[in-house]
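Below is one structure, written out as structure tokens; comments come after it.
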Amino acid sequence: MSSATYAGADVEVDAEGFLTDPGQWNEQIAAEIAAQAGIEQLTDRHWQVVRFMRDRYLSTGSAPSIRTLGKASGVPIKELYELFPKGPAKLAAKIGGIPKPRGCI
Amino acid sequence: MPSAQPASNIEGMADRIVILGGGTAGTIAANRLSRQLGESARITVIDRDDRHLYEPGLLLVPFEMEEPESIVRSRGRQLRPGVELRLAEIDRVLSSEGKVLLGDGSSIAYDVLIVATGASLLPGETEGLMGSGWGETVHSFYSLESAVALRQALRDFEGGKLLVAVADMPIKCPVAPLELCFLSDWRMRERGIRDSTQITLLTPLDGAFTKPTCNRELSGLLTGRGIEVVSEFATGQVDADAGKIVSYDGREAPFDLAVVVPVHGGAEYVSRSPGLGDELGWVRTDPHTLQSLAAPNVFAIGDAADLPTSKAGSAAHFQAATLTENVRRHLSGEQLVRGYDGHVNCFIETGFHKALLIDFDYEREPLPGRYPDAHLGPLPLLAESRLNHLAKLAFQTLYWHVLLPGHDIPGVDHGLEAGERAAKAARGEMT
Numbered sequence: 001m002s003s004a005t006y007a008g009a010d011v012e013v014d015a016e017g018f019l020t021d022p023g024q025w026n027e028q029i030a031a032e033i034a035a036q037a038g039i040e041q042l043t044d045r046h047w048q049v050v051r052f053m054r055d056r057y058l059s060t061g062s063a064p065s066i067r068t069l070g071k072a073s074g075v076p077i078k079e080l081y082e083l084f085p086k087g088p089a090k091l092a093a094k095i096g097g098i099p100k101p102r103g104c105i
Numbered sequence: 001m002p003s004a005q006p007a008s009n010i011e012g013m014a015d016r017i018v019i020l021g022g023g024t025a026g027t028i029a030a031n032r033l034s035r036q037l038g039e040s041a042r043i044t045v046i047d048r049d050d051r052h053l054y055e056p057g058l059l060l061v062p063f064e065m066e067e068p069e070s071i072v073r074s075r076g077r078q079l080r081p082g083v084e085l086r087l088a089e090i091d092r093v094l095s096s097e098g099k100v101l102l103g104d105g106s107s108i109a110y111d112v113l114i115v116a117t118g119a120s121l122l123p124g125e126t127e128g129l130m131g132s133g134w135g136e137t138v139h140s141f142y143s144l145e146s147a148v149a150l151r152q153a154l155r156d157f158e159g160g161k162l163l164v165a166v167a168d169m170p171i172k173c174p175v176a177p178l179e180l181c182f183l184s185d186w187r188m189r190e191r192g193i194r195d196s197t198q199i200t201l202l203t204p205l206d207g208a209f210t211k212p213t214c215n216r217e218l219s220g221l222l223t224g225r226g227i228e229v230v231s232e233f234a235t236g237q238v239d240a241d242a243g244k245i246v247s248y249d250g251r252e253a254p255f256d257l258a259v260v261v262p263v264h265g266g267a268e269y270v271s272r273s274p275g276l277g278d279e280l281g282w283v284r285t286d287p288h289t290l291q292s293l294a295a296p297n298v299f300a301i302g303d304a305a306d307l308p309t310s311k312a313g314s315a316a317h318f319q320a321a322t323l324t325e326n327v328r329r330h331l332s333g334e335q336l337v338r339g340y341d342g343h344v345n346c347f348i349e350t351g352f353h354k355a356l357l358i359d360f361d362y363e364r365e366p367l368p369g370r371y372p373d374a375h376l377g378p379l380p381l382l383a384e385s386r387l388n389h390l391a392k393l394a395f396q397t398l399y400w401h402v403l404l405p406g407h408d409i410p411g412v413d414h415g416l417e418a419g420e421r422a423a424k425a426a427r428g429e430m431t
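So the protein sequences, as listed, match chains A and B. Using the working numbering, you'd call the opening residue of the first sequence number 1 and step up by one each time. Using the working numbering, you'd call the opening residue of the second sequence number 1 and step up by one each time.
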């Protein structure tokens, strides 16, 4: 575990840059993580997914999988890949300040 | 039958236990509960048919290492005398009313319900998978019918691009697609067509397997056998006419023969049952007590539960001790034991008469060593050996005669012991 500085705030992150304490997160941090991942502007559709991820993690203790996102976030899977290139569930979790989804075992 | 009956156990007073699903998990649970609770419980298992499939055999059927008819037996005959098997479709569970509605319009009430209906295959969720190439150039092996069709396709295969694709996670037995790659490599070498065959594994994971330590070992084995792994590939569409699989982010993988593991979900009725499951039909379950979050008298075991561990028969076997103890505790008003720790182990067939064995749980990564005893073994962990292969082949006998009847395997920790010791200590009993 190490620390990183986003939007002027020091936060704890894991080896891949996922925040380890969701309580340290804020919207400026989200925007900066997104920018580093190549997403210049977080649109309403991005936020819809990020907020869904975060709410779900905070209420259930685990981050939803891509299929759950596709079924329940209101954004279909194909669009998820357009919004969050490569791994939507992983990237949305990172932007949302929650730990990397275990997703798959 | 016991000679002395407690007064409360007269006919009509017995607790009614209903188990949905007569597969690996449901059968083990039924037999253990029957032995543990005796006449004090009436146990009914509900399933839609009387065909119990030995699922680990599905991997071997395509390679003619197992015959289709030898991996199916009667469900009813795997259940102890006194356990009733009722053949019916399940319409929904009404956990607030303590009853299950059946497909024929009737209903069955329960004191305790155990959900053990496993995972369903959802090939329709992947665009084009069931299209023009299905059964021709596009195959699977997660059902008996598809495993038999793949067997013929592999016989007819004369070289080219063989794709093994995992459409999405979670799937039953997440090592099976890797084993299919290893066994295909072996078979193609034996047939002398390996040089003209490319074998590629498409996986949505960021490596060959979910657990990092294991991933390194398995990636090494795959590379050594000339099997290519394409990771973070989320299958979006199967286009049989063009002979390619396309990922959601637009990458394309060409094939002459594709073997696709379809998307899995929980049983269909779970989504119709208020409060029971999540969006994908997995039953929301406490990972340590196996009690469902829907109601205190509803439990889940095996693939049906949303537990963060592998969906595998060994997991159901290790869960059974905790499940049956907690059903007993629930019925007698005691506090539940947090006995299950996510323990799973699996044999991984690597071909050439060898196999690998891995063993892990919620916290513990699969590590090298020996099993079941850390020093004596005899089976090596996370290393290829002939003994592991022989153990895997012998496993079917063990499955029907030891696992399904709900017996523990000597020398193997069944997880409950530590919880039991703690509970006894808490009650002030000698250990």
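Where a beta carbon is used, it is the ideal one built from N, C-alpha and C, also for glycine.
(request) Could you pull out every unbroken beta strand (DSSP E) segment of at least 3 residues lying fully inside the stretch 347 to 405 of chain B, listed in chain order? (result) 354 to 360, 369 to 373, 377 to 381
(request) Check the Cβ-Cβ distances between serine 8 of chain B and every residue of chain A, and say whether any is below 8 Å. (result) Low per-residue confidence applies at serine 8 of chain B: pLDDT is 45, beneath 50, and the placement is therefore not dependable enough to give any value.
(request) Check each candidate in B:Ser314, B:Glu69, B:Lys99, B:Ile171 and name the one with the smallest Cα separation from proline 51 of chain B. (result) Reading off the sequence shown, one finds arginine at residue 51 of chain B, where the question assumed proline. Ranking B:Ser314, B:Glu69, B:Lys99, B:Ile171 by Cα distance to arginine 51 of chain B puts B:Glu69 first.
(message) For a contact defined as C-beta to C-beta under 8 Å, what are the partners of serine 3 of chain A on chain B?
(response) Going along chain B, no residue has its Cβ under 8 Å from serine 3 of chain A, so there is no contact; the nearest lies around 23 Å.
(request) With DSSP as the reference, please indicate the residues paired to glutamate 136 of chain B in a beta bridge. (result) None; glutamate 136 of chain B has no bridge partner.
(request) Using a cut-off of 8 Å between C-beta atoms, extract the partners of arginine 54 of chain A located in chain B. (result) Near arginine 54 of chain A there are no residues of chain B at all, since even the closest Cβ is about 17 Å away, more than 8 Å.
(message) I need the straight-line Cα distance from alanine 137 of chain B to leucine 393 of chain B, nearest angstrom please.
(response) The identity of residue 137 of chain B in the sequence shown is threonine, whereas the question assumes alanine. Rounded to whole angstroms, threonine 137 of chain B to leucine 393 of chain B spans 29 Å at the Cα level.
(request) May I have the straight-line CA-CA distance separating threonine 5 of chain A from isoleucine 29 of chain A, to the nearest angstrom? (result) 9 Å
(message) Here's the rule I'm using: 16 or more other beta-carbon atoms within 10 Å means buried, otherwise exposed. How should threonine 309 of chain B be labelled?
(response) buried
(request) If I'm right that glycine 243 of chain B touches glycine 266 of chain B with Cβ under 8 Å, what's the distance once you round it to whole angstroms? (result) About 33 Å separates the two Cβ atoms, so there is no contact after all.
(message) Against chain A, does alanine 234 of chain B count as a neighbour if the rule is that its beta carbon must be under 8 Å from one of theirs?
(response) yes
(message) Cβ closer than 9 Å: which chain A residues qualify as neighbours of leucine 280 of chain B?
(response) Ser65, Arg67, Thr68, Lys71
(request) Pull up the distance between the alpha-carbon of valine 229 of chain B and that of methionine 169 of chain B, whole angstroms please. (result) 16 Å
(request) Along the alpha helix (DSSP H) that carries phenylalanine 182 of chain B, what are the first and last residues, could you check? (result) 176 to 190
(message) Quick check for students: name the residue ranges of the beta strand (DSSP E) that lie wholly in the stretch 240 to 290 of chain B, counting only runs of 3 or more.
(response) 244 to 247, 252 to 254, 257 to 261, 264 to 266
(message) Closest to histidine 407 of chain B by C-alpha separation, out of B:Gln319, B:Ala88, B:Pro380, would be which residue?
(response) B:Gln319
(message) Using a Cβ-Cβ distance cut-off of 8 Å, determine whether aspartate 286 of chain B contacts chain A.
(response) no
(message) Between proline 76 of chain A and chain B, is the shortest Cβ-Cβ distance under 8 Å, so that the two count as touching?
(response) no
(message) Using the three-state DSSP reduction, which class does serine 28 of chain A fall into: helix, strand or coil?
(response) Here residue 28 of chain A turns out to be glutamine, not serine, going by the sequence shown. Of the three classes helix, strand and coil, the one that applies to glutamine 28 of chain A here is helix, per DSSP.
(request) Note down, one range per segment and in chain order, each beta strand (DSSP E) of at least 3 residues found wholly within the stretch 106 to 135 of chain B. (result) 107 to 109, 112 to 115, 119 to 121
(message) So serine 62 of chain A contacts chain B; which residues on that side make the cut at Cβ distance below 8 Å?
(response) Pro308
(message) Does any residue of chain B have a CB that is nearer than 8 Å to the CB of isoleucine 105 of chain A?
(response) In this prediction, isoleucine 105 of chain A scores a pLDDT of 41, lower than 50, which makes its location untrustworthy; no coordinate-derived value is stated.
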